[in-house]
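According to the working numbering, the sequence shown holds residues 2 to 268 in order.
No residue lacks a Cβ here, since even glycine has one placed at the ideal position from N, Cα and C.
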Amino acid sequence: MATTNIVDPSQVPTSPYYLHPSDNPGMKLVSLQFDGTGFGDWKRSMMMSLSAKNKTGFIDGTIVKPPDTDILSKPWERCNSMLSSWLVGSLDPNISRSVLYFPTAREIWLNLEERYGQASGTSLYSLQESLHEIRQGTDSISAYFTKIKMIWDQLDAIDSIPTCECNNCTSTITQKLVKSRENRRLTEFLMKLASGYEILRGNMLLMNPLPSISHAYRLLLQEENHKKLTQSSQSHDESMAFAANRRGFDNKFKPRNNYGNNTDGKG
């Protein structure tokens, strides 16, 4: 009778139960500890790191604790302990102590989301106020776009567009809401540009459909670079003209000696 070889998933690199030899409880997955502010940024950074390690299932509930008799029981416990250590280690000590005794990484995650991830009126007000006040001013297009996009991303983190959870849903309402939000943000981005982009802004607003924010950003970068080249060329021409005029002025007013010759010795 042939025997069946049972493969331990924890030894398969593509398995979520796999732990790389370099993985250790003291590993820092994010650069900054979460201290109670900026939860959206911390959450996004942590999710990207866990996704890269194929471990998001342990905190989003898709990988649940198997029965003790299951071959995956021990690998699950090892991964759960590792993720719990990573999460606790990424928190400010005052916060980490409050979640240290939760038995699973998912419970730690849910507790943090409940405490810090809920949209509050003050958070929304502060972000909307920042969005209202932002202007390009003397910033480059790149710097201005980065500032306004950071506010948009924070708004998305605490007040995201709802999605339909129906099975085999054919509704397009979510896509329509996303497109409506992008059009609104495009106009916000364009209306707060510094002077000098009026013609390009008008042309973009006449497009049907409206361009994506990324497309508008590329067009504005091209226009900004064109302006820089034009200004550089004009500055060079003005410098050359000034130098030529200066030479003519110097030659005209060079002092002459008693014989009517220039003092530089040339007749």
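(Q) With three or more C-beta pairs closer than 8 Å as the rule, is the stretch 116-131 touching the stretch 147-160? (A) yes
Q) Looking at C-alpha atoms only, which residue of Lys229, Leu220, Pro212, Arg45 is the closest neighbour of Gly118? A) As a position in the sequence shown, residue 118 is number 117, starting the count at 1. Cα-wise, what sits closest to Gly118 is Arg45.
Q.
Let's test the definition: count the other Cβ atoms within 10 Å of the Cβ of Val8 and tell me whether it reaches 16, buried, or not, exposed.
A. Sequence index remark: in the sequence shown, residue 8 carries index 7 (1-based). Exposed, because fewer than 16 other Cβ atoms sit within 10 Å of the Cβ of Val8.
Q.
Is the beta carbon of Gly41 closer than 9 Å to that of Gly90?
A. The residue you call residue 90 lines up with position 89 of the sequence shown. The residue you call residue 41 lines up with position 40 of the sequence shown. Not a contact, by the Cβ cut-off of 9 Å.
Q) Looking at C-beta atoms only, is the number of pairs between the stretch 199-211 and the stretch 132-147 that lie closer than 8 Å three or more? A) no
Q. To which residues of the same chain is Pro67 closer than 7 Å at the C-beta, ignoring the five residues directly before and after it?
A. Against the sequence shown, residue 67 aligns to sequence position 66. The answer, listed in chain order, is Leu73, Ser74, Trp77.
**Q.** Where Leu191 sits in the DSSP three-state scheme
**A.** Taking the sequence shown and counting its residues from 1, the one referred to as residue 191 is at position 190. DSSP places Leu191 in helix when its eight states are reduced to three.
Q) What's the C-alpha gap between Ser32 and Leu51? A) Residue numbering aside, residue 32 sits at position 31 when the sequence shown is read from its first letter. Residue numbering aside, residue 51 sits at position 50 when the sequence shown is read from its first letter. Using only the alpha carbons, I get a separation of about 14 Å.
Q.
Quick check on this structure: which residue in Asp154, Thr70, Gly197 has the alpha carbon closest to the alpha carbon of Lys229?
A. On the sequence shown, residue 229 is found 228 positions in, with the first residue counted as 1. Looking at the Cα atoms, Gly197 is the closest of the given residues.
Q. How long is the line joining the alpha carbons of Ile152 and Asp36, rounded to whole angstroms?
A. Reading the sequence shown from its first residue, position 151 is the one you call residue 152. Reading the sequence shown from its first residue, position 35 is the one you call residue 36. Using only the alpha carbons, I get a separation of about 20 Å.
Q: Tell me Leu73's beta-bridge partners as DSSP assigns them.
A: As a first step, residue 73 must be located in the sequence shown, where it is residue number 72. Answer is none; Leu73 lacks a bridge partner.
Q.
Going by DSSP, what residue range makes up the alpha helix (DSSP H) through Thr147?
A. Residue numbering aside, residue 147 sits at position 146 when the sequence shown is read from its first letter. Taken as a continuous stretch (DSSP letters only), the alpha helix (DSSP H) holding Thr147 covers 142-159.
Q: Specify whether the stretch 133-143 and the stretch 220-229 touch according to this definition: at least 3 beta carbon pairs, one from each stretch, less than 8 Å apart.
A: yes
Q | Of the listed residues Ile200, Ser233, Pro10, Arg98, nearest to Leu220 (C-alpha basis) | A | Reading the sequence shown from its first residue, position 219 is the one you call residue 220. Measuring from the Cα of Leu220, the nearest candidate turns out to be Ile200.
Q | Outcome for Met2 when other beta-carbon atoms lying within 10 angstroms are tallied against a minimum of 16 | A | Taking the sequence shown and counting its residues from 1, the one referred to as residue 2 is at position 1. Confidence at Met2 is low in this model, with a pLDDT of 47, below 50, so the placement of that residue should be treated as unreliable; the coordinate-derived value is given next. By the 10 Å Cβ count, Met2 comes out exposed.
Q. If we count the other Cβ atoms within 10 Å of its Cβ and call it buried at 16 or more, is Gln137 buried or exposed?
A. To locate residue 137, count along the sequence shown from 1; it is residue 136. Counting Cβ neighbours within 10 Å, Gln137 comes out buried, since at least 16 surround it.
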